[in-house]
Amino acid sequence: LFKLTTSFESLYNQFKDEAYNTSLSYLHNPQDAEEITQDVFVEVFKSLDKFKGESNIGTWIYRITVNKSLDFLRHKKRKKRFAFITSIFDPETGEQKVEQSDFIHPGVELEQRERSAALFKAIDKLPANQKTAFILSKIEGLSYAEISEVMNTSISSIESQIFRAKKNLKKILSRVYDELF
Amino acid sequence: MDKQQWIDDTLKSIEGIKRASPEPFLFPKILNRLKSASQPVRVAKSKLALAFSALLILIGLNIAAVLTKDGAPSSQSSDRQTNTELIPTQSNPYLEILIN
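So the sequences go chain by chain: A and B. Here my numbering is used: the first residue of the first sequence is 5, the next is one more, and so on. Here my numbering is used: the first residue of the second sequence is 892, the next is one more, and so on.
Spelled out as structure tokens, the structure:
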């Protein structure tokens with residue numbers, strides 16, 4: 005058991021930042037990202053014997069992280085839709101609640117914080133596949149080949165997802181610019 | 892500021908982004924979750940007895956139902972007859988096509 009825990013700990017130390025940073029890029033909340041990171045490594049521990057080694061272990065951990073983050077977002081969206089009215093108005097005062105503050109990624113340079121917050125807000129509006137391809141490429145720095153393994157699709161499909169993601173981000177940011185200035 | 896320039900700069904704002912790390916006590920939390928998940932679930936004896944009695948009652952009721960049904964006169968054949976009578980073959984063109 006000691007050996008198993010030690011090897012699991014070294015696996016955790018090797019990939020904890022990847023899992024946490026990826027989920028943080030989706031969820032924009034450190035507590036939620038830590039919860040997902042916990043879920044990811046619990047599943048990794050439980051399914052380690054099922055891992056056949058057909059793909060890289062890092063790719064496998066990324067795949068679990070992406071799936072868990074997307075599931076979390078879907079669940080949150082469903083809950084949000086259900087509690088739409090209560091989330092807009094304060095139940096006690098009846099006044100409209102203040103909008104949630106912008107997400108500032110801790111790894112962004114100080115002078116880029118404001119702009120990156122607008123970008124993360126725009127990334128949040130992308131369809132799931134485009135969002136995943138963009139996050140894994142631009143935030144995690146994976147190659148198209150690695151992303152294609154994580155997303156279980158071809159490299160050309162990843163190229164197209166990222167191209168469309170950039171196009172959509174430009175459209176969203178253009179609207180944001182019109183609202184701001 | 893120029894709109895296109897602002898969009899391009901915003902898209903470039905995550906260039907050189909550093910990976911964020913979770914808090915240092917996350918690993919012990921994961922181990923705790925794994926430990927609690929691997930511990931056997933203990934069920935109180937009174938709950939087990941209650942579940943067993945409910946199962947016995949259910950089985951008893953089933954046996955009683957089967958025995959009562961065997962003793963009662965069967966109405967299945969008359970039901971079947973009634974069902975066939977409900978289909979007017981003479982006046983149903985679809986059935987006539989199927990028969991022919």
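Backbone N, C-alpha and C fix where the C-beta goes; we use that ideal spot for every residue, glycine too.
Check, Outcome
"Residue-level contact to chain A via CB, P913(B), 8 Å cutoff", "yes"
"Cβ shell of T26(A) (< 8 Å), same chain only, five flanking positions each side left out", "Y66, T69, V70, S73, I139, L140, I143, E144"
"Cβ contact check for the stretch 110-129 of chain A and the stretch 893-903 of chain B: 3 or more pairs under 8 Å", "yes"
"Within chain B, partners of H109(A) - CB distance below 8 Å", "I905, I908, A911"
"Pick from K80(A), G62(A), A137(A), R85(A) that is closest to T157(A), judged by C-alpha positions", "A137(A)"
"Where P919(B) falls: helix, strand or coil (DSSP)", "helix"
"Below-8 Å beta-carbon distance, K926(B) vs any chain A residue", "no"
"Residue-level contact to chain A via CB, I898(B), 8 Å cutoff", "yes"
"Chain B residues whose Cβ lies nearer than 7 Å to that of F49(A)", "L925"
"Beta-carbon gap between A37(A) and Y24(A) smaller than 8 Å", "yes"
"Whole-angstrom C-beta distance between R924(B) and G111(A), which should lie under 8 Å", "With a Cβ gap of about 27 Å, G111(A) and R924(B) do not count as contacting."
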